[in-house]
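Visitor: Starting off with a structure, shown below.
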Amino acid sequence: MRKTASLRRSAGRATSVGRGTSEMSVDKPSAEPAKAGNVDIEAFSRNIARMIEEGGKALAAYLKPREEGKIKGEISEDITDAVKSVGRVAEYWMSDPRRALELQTSLGRAYLDLWASAVKRMAGEKTEPAAAPDPKDKRFADPEWTQNQFFDFLKQAYLLTTQWSERLVRDAAGVDEHTRKKAEFYVRQIANAISPSNFVFTNPELLRETLSSNGENLVRGMHMLSEDIKAGHGHLKIRQSDPSMFDVGGNLAVTPGKVVFQNELMQLIQYEATTKEVLKTPLLIVPPWINKFYILDLTPDKSFIKWCVDQGISVFVVSWVNPDAKLSQKSFEEYMREGVIAGLDAVEAATGEKRVNAVGYCVGGTLLAVTLAYLAAKKQNRVKSATLFAAQVDFTYAGDLMVFVDEDRIKQLESHMKEQGYLEASRMANTFNMLRSNDLIWPYIVNNYMRGKKPLPFDILYWNSDATRMPAANHSFYLRNCYLDNKLTKGEMEIGGVTLDLHNVTVPIYNLATREDHIAPAKSVLWGSHYFGGPVKYVLAGSGHIAGVVNPPDKPKYQYWTGEKPSGSNVENWLKKATENPGSWWPDWLKWIKMQDAKTVPARKIGGGKLKPTENAPGSYVKVKSWT
């Protein structure tokens, strides 16, 4: 009876304010939050026992592939690199007793100010917070984080600590910039992980949920954890969407078309015309090989491909293979020859057109730029215009991904890839998720494994989790020649015995960047614009790497900016003279495409009588699943 009463009092204190607030989720609440009432101690105890049982299943799912030898030699370079990078920062502060004392004093003073503020508040005085979260920070949106003194104190102590740790890295003199960037990244990951919002007894929403359901949420969460480790074959594959709601070729990637060509590396899809006439110049889309092409053909109302077809464009798209060990030695050059150039050949065979409008997305854009430089060196005029979606050609300002690129890290990665011939899909997926861990990792850990709630169905996040492997030779070349040595814009990259020079690329280019891009930063895309030898139109879309591109005219969420000829790398300076346009950039791009050549011809039949269609879009390559 005493234990029950104690739990009831705890539940009452935890829910004394903020009742009826929405549950934590990524975009919107999936249901109204439960209210903590009387706790059934017997039911609570049973559920704790069930949670432990489910936890045992999760542990078994983790250990089994390691005991069987299916997972071995796991790379620990992230931990080693984090310790080394943060250690360099700590060395600066600890090497001088006065600096060390100053560092400790600053944190101690912040805690004392917080304690004094808390005492005053307990006495009924109004006080200003010692630290406040960013208004956009969803972790502390629940009113109890402010109204309940206990949770408010935890929140402010956490914020003060993270601010102090950021200063620790920022003000460490004598640390080289690359090490500083790595330390900033790792400190941010640690700070995100230890947030009080990630734990049951320090998160008011989770505590309400746990007490009101007698711990049933933790049982569901541990069961989901077990399922996700099994789905990841011994690695945790965090579900970001409800996978049961999506089917590639069923309700995703459903624009009608046929595979008209294929080789070891790709299938080429041609889409059925929906207009009586089409632009004479066909469109060839080169997506990234680190993801699947259907990001540009999601649901019909979000499909860039379908929209292009409906505007009277003959659309072809490369669908890359999901490679295994057999393709380990497929090089960057072979991706160019068997991907882009083979695609150009097939489009010419199907349409009779020797020149195309080409689109390259992300690393597909980098590959397209390399191909353009190669064709220019060979005096081959096969591309009428090129469009780059969030793609980099220069890597001076490549952003947070540079954290993972230095000689030691690449050697370790190459050694790992040599063992199996490719980089696992999980490695790249986890890397991209870590770049935005407060959006793509921790909200799902809280929602899935602590609240025991399945994530809402979201097509973009389903695609995000449908990752692909990368062959060792290609990935090594890309990391070394682009991220590490930045050879393309230095005029030092060699492909097929040809030294490439982007200044020889004189075709018109529509260079799209997205303002909040963490993979191809807008600054990097702007800076890369001046390396081309022809006219470049720089356009800046709102949002990030995916949502900024997938922004259809019928349901636009973001704006875009157009402006003067791109120069330098200062996006804010460029924006001062730019024009902000509401809605989607897609119609602006279509207008630009027609400015290059607006001639039309009767709608084309798939294959054009020269290529024999083999299977319906989206083809079979895109349906090959992988996680490890």
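In the working numbering, the protein residues as written are 3 to 630.
Glycine included, every Cβ here is placed at the ideal spot set by N, Cα and C.
By DSSP, does GLU127 sit in helix, in strand, or in coil?
Guide: DSSP places GLU127 in coil when its eight states are reduced to three.
Visitor: Quick check on the DSSP output: the alpha helix (DSSP H) that includes LEU61 runs from which residue to which?
Guide: Note, LEU61: alpha helix (DSSP H), 43-69.
Visitor: Compute the distance between the beta-carbons of TYR363 and SER316, then report whether it is under 9 angstroms.
Guide: Their beta carbons are not under 9 angstroms apart, which means TYR363 does not touch SER316 by this criterion.
Visitor: Over the uninterrupted alpha helix (DSSP H) stretch that includes PRO537, give me the two end residues.
Guide: First-last for PRO537: undefined, no H or E at that position.
Visitor: For THR129, tell me which candidate among ASP115, VAL88 and PHE187 has the shortest Cα-Cα distance.
Guide: Considering only alpha carbons, the answer is ASP115.
Visitor: With distances taken between CB atoms, is the gap from ILE297 to GLY621 smaller than 9 angstroms?
Guide: Going by C-beta atoms, ILE297 is not nearer than 9 angstroms to GLY621.
Visitor: What number of angstroms, rounded off, separates the C-alpha of ALA132 from the C-alpha of ALA580?
Guide: Cα to Cα, ALA132 sits roughly 39 angstroms from ALA580.
Visitor: Using DSSP bridges, identify the partner residues of PRO604.
Guide: GLU279, per the DSSP bridge assignment.
Visitor: Please state the DSSP three-state secondary structure of MET495.
Guide: Coil.
Visitor: Output the distance between the C-alpha atoms of ARG453 and PRO445, rounded to the nearest integer angstrom.
Guide: ARG453 and PRO445: Cα-Cα distance of roughly 10 angstroms.
Visitor: Which residues in the same chain have their Cβ closer than 6 angstroms to the Cβ of ASP347, if we skip the five residues on either side of it in sequence?
Guide: Closer than 6 angstroms at the Cβ level, and outside the excluded window around ASP347, lies no residue.
Visitor: Please list the terminal residues of the continuous beta strand (DSSP E) segment that includes GLY631.
Guide: Beyond the ends of the chain as shown, which are 3 and 630, falls residue 631; an answer cannot be given.
Visitor: Report the three-state DSSP secondary structure of ALA132 (helix, strand or coil).
Guide: Note: ALA132 maps to coil in three-state DSSP.
Visitor: Go ahead and pull the three-state DSSP assignment for VAL509.
Guide: Coil, per DSSP.
Visitor: Under a Cβ-count criterion, where at least 16 other Cβ atoms within 10 Å of its own Cβ denotes burial, should ARG172 be classed as buried or exposed?
Guide: By the neighbour-count rule (16 or more Cβ atoms within 10 Å), ARG172 is not buried but exposed.
Visitor: Would GLN106 be called buried (16 or more neighbouring beta carbons within 10 Å of its own) or exposed?
Guide: By the neighbour-count rule (16 or more Cβ atoms within 10 Å), GLN106 is not buried but exposed.
Visitor: Whole-angstrom Cβ separation of LEU265 and ALA175, contact assumed at under 8 angstroms?
Guide: Residue identity check: residue 265 is Asn in the sequence provided, not Leu. With 8 angstroms as the limit, ASN265 and ALA175 do not qualify as a contact, their Cβ atoms being about 54 angstroms apart.
Visitor: For LEU65, count neighbouring Cβ atoms within 10 angstroms of its own Cβ and tell me buried if that reaches 16, exposed if not.
Guide: It is exposed - the Cβ of LEU65 has fewer than 16 other Cβ atoms within 10 Å.
Visitor: Is it true that the CB of ILE292 sits closer than 9 angstroms to the CB of THR516?
Guide: No. Outside cutoff.
Visitor: TRP465 and LEU267: beta carbons closer than 9 angstroms?
Guide: No, they are not a contact pair.
Visitor: Is the number of C-beta pairs between the stretch 393-407 and the stretch 522-537 that are closer than 8 angstroms three or more?
Guide: Output reads yes: the stretch 522-537 touches the stretch 393-407.
Visitor: Just checking, does the stretch 45-60 make contact with the stretch 219-226 on the three C-beta pairs under 8 angstroms criterion?
Guide: The stretch 45-60, when compared against the stretch 219-226, does touch it at the 8 angstroms Cβ threshold.
Visitor: Alpha carbon to alpha carbon, how far is PHE142 from VAL509?
Guide: When rounded, the distance between both Cα atoms is 50 angstroms.
Visitor: If you draw a straight line from the alpha carbon of ALA522 to that of GLY550, how long is it in whole angstroms?
Guide: One C-alpha to the other measures close to 12 angstroms.
Visitor: Between GLY234, PRO473, ALA393 and PRO554, which has its C-alpha nearest ILE73's C-alpha?
Guide: Nearest C-alpha to ILE73: GLY234.
Visitor: Contact between the stretch 317-324 and the stretch 276-296: three or more CB pairs below 8 angstroms?
Guide: The stretch 317-324 vs the stretch 276-296: in contact.
Visitor: Would DSSP call ARG348 helix, strand or coil?
Guide: Reading the sequence as shown, one finds Ala at residue 348 and not Arg. Correct three-state label for ALA348: helix.
Visitor: Look at the Cβ atom of LEU220, then the Cβ atom of ILE443, and state whether they are nearer than 9 angstroms.
Guide: No, these two residues do not count as a Cβ contact at 9 angstroms.
Visitor: How about LEU504 and LEU374: do their beta carbons lie closer than 9 angstroms?
Guide: Cβ distance < 9 angstroms, so LEU504 and LEU374 count as in contact.
Visitor: What is the DSSP secondary structure of ILE189, reduced to helix, strand or coil?
Guide: Here the sequence assigns Val to residue 189, which means Ile is not the residue at that position. Note: VAL189 maps to helix in three-state DSSP.
Visitor: Taking C-beta to C-beta, are VAL349 and PHE306 nearer than 9 angstroms?
Guide: Cβ distance not < 9 angstroms, so VAL349 and PHE306 don't count as in contact.
Visitor: For THR17, does the three-state DSSP call read helix, strand or coil?
Guide: With a pLDDT of 38 at THR17, under the threshold of 50, the predicted position of this residue should be treated as unreliable, though the coordinate-derived value follows. In this structure, THR17 counts as coil in the three-state DSSP scheme.
Visitor: Should LEU632 be labelled buried (16 or more other beta-carbon atoms within 10 Å of its own) or exposed?
Guide: The first residue shown for the chain is 3 and the last is 630, placing residue 632 beyond what the model contains.
Visitor: Three or more C-beta pairs closer than 8 angstroms, one from the stretch 405-421 and one from the stretch 373-393: is that the case here?
Guide: Contact between the stretch 405-421 and the stretch 373-393 is absent, because fewer than three Cβ pairs lie under 8 angstroms.
Visitor: Given VAL19, which residues of its chain have a CB within under 7 angstroms of its CB, disregarding the five upstream and five downstream residues?
Guide: Unreliable placement is indicated for VAL19, whose pLDDT of 33 sits below 50; the coordinate value is still reported in the next sentence. Cβ neighbours of VAL19 beyond the five flanking positions: PRO145, GLU146, GLN149 and ASN150.
Visitor: Return the CA-CA distance between LYS492 and CYS484, expressed in angstroms with no decimal places.
Guide: Cα-Cα distance, rounded: 10 angstroms.
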